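Novice: The structure follows.
Residue numbers (this note's numbering): 1 to 202.
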């Protein structure tokens with residue numbers, strides 16, 4: 001890579017770092033290009049050398065995180081699926097938890113979880129042996145992945161942070177055995193299994 005290209009990449013990264021430091025605490029509508037460039041130490045024209053607008057900066061930052069996830073998934077495939085898929089992806093997410101915490105948090109870009117689901121869907125289908133043409137498979141995947149993303153999002157932002165290993169264990173148990181298995185462990189209500197049978201008809 002030439003020095004000019006290296007300098008350009010460094011400038012882009014500095015701008016994205018400045019944008020990120022603002023986006024962590026403010027909604028995108030309240031961020032200005034002036035704030036970004038002042039924080040990064042560049043002029044307004046430099047920003048437009050790299051981004052169309054603030055939303056393009058957000059897209060590029062998200063895309064870099066999605067690229068990281070895709071590379072991790074490919075490594076998982078190359079490793080021969082030698083680890084449980086949820087645990088593996090949870091470790092991937094935890095490595096970049098500062099980003100995922102924000103992008104999967106409340107009042108953020110709703111397109112990011114959609115992009116995430118699309119990227120990781122093929123490996124779940126592969127591991128679970130599901131057909132891409134099956135609507136039943138699509139429903140199962142949407143249910144499972146929405147629950148996983150929701151659980152991760154809650155774990156990231158919870159003030160009563162469960163230890164990571166306990167979070168993984170609980171979530172894996174709920175995926176494999178259903179929510180009721182974990183509810184029974186902590187419920188103080190007698191006859192809870194009868195209530196579940198009546199409500200759910202199982």
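Each residue gets a CB set at the ideal place from its N, CA and C atoms; glycine is no exception.
Fair warning: this is a prediction, and the values are worked out from it, not measured in the lab.
In chain order, what residues of the same chain have a beta carbon less than 7 Å from the beta carbon of residue 191, not counting five sequence neighbours either side?
Specialist: Listed in chain order, the non-local C-beta contacts of residue 191 below 7 Å within the same chain number zero, local neighbours out to five positions each way being set aside.
Novice: Would you say residue 120 and residue 69 are within 9 Å of each other, going by their C-beta atoms?
Specialist: The answer is yes: Cβ separation under 9 Å.
Novice: Rounding to the nearest angstrom, what Cα-Cα distance links residue 117 and residue 149 in this structure?
Specialist: 9 Å
Novice: Give the C-beta separation of residue 93 and residue 10 to the nearest angstrom, bearing in mind that I take them to be a contact with Cβ-Cβ under 8 Å.
Specialist: So it is not a contact: roughly 27 Å between Cβ atoms.
Novice: Please report the Cβ distance between residue 57 and residue 16, rounded to the nearest whole angstrom; I am assuming they are in contact, meaning their Cβ atoms lie under 8 Å.
Specialist: With a Cβ gap of about 6 Å, residue 57 and residue 16 count as contacting.
Novice: Taking the beta carbon of residue 186 as the centre, do at least 16 other beta carbons fall within 10 Å, making it buried, or is it exposed?
Specialist: exposed
Novice: Residues in the same chain with beta-carbon distance under 8 Å from residue 210, minus the five sequence neighbours each way, listed in chain order, please.
Specialist: Outside the shown range of the chain (1 to 202) lies residue 210, about which nothing can therefore be said.
Novice: Hey, which unbroken runs of the alpha helix (DSSP H) at 4 residues or more fall wholly within the region 144–197?
Specialist: 164–177 and 179–186
Novice: Roughly how many angstroms separate the alpha carbons of residue 145 and residue 4, rounded to a whole number?
Specialist: 42 Å
Novice: If you draw a straight line from the C-alpha of residue 38 to the C-alpha of residue 12, how long is it?
Specialist: 14 Å
Novice: Classify residue 123: buried if its beta carbon has 16 or more other beta carbons within 10 angstroms, exposed otherwise.
Specialist: By the 16-neighbour rule on beta-carbons within 10 angstroms, residue 123 is buried.
Novice: So within the region 17–51, which uninterrupted alpha helix (DSSP H) runs reach at least 4 residues, ignoring any that extend past its ends?
Specialist: 33–40 and 44–50
Novice: Does any CB atom of chain D fall closer than 9 Å to the CB of residue 172?
Specialist: Absence of chain D from the displayed structure is noted, only one protein chain being present.
Novice: Whose C-beta lies closer than 6 Å to the C-beta of residue 140 among residues of the same chain, with five residues either side of it excluded?
Specialist: none
Novice: With DSSP as the reference, label residue 59 as helix, strand or coil.
Specialist: helix
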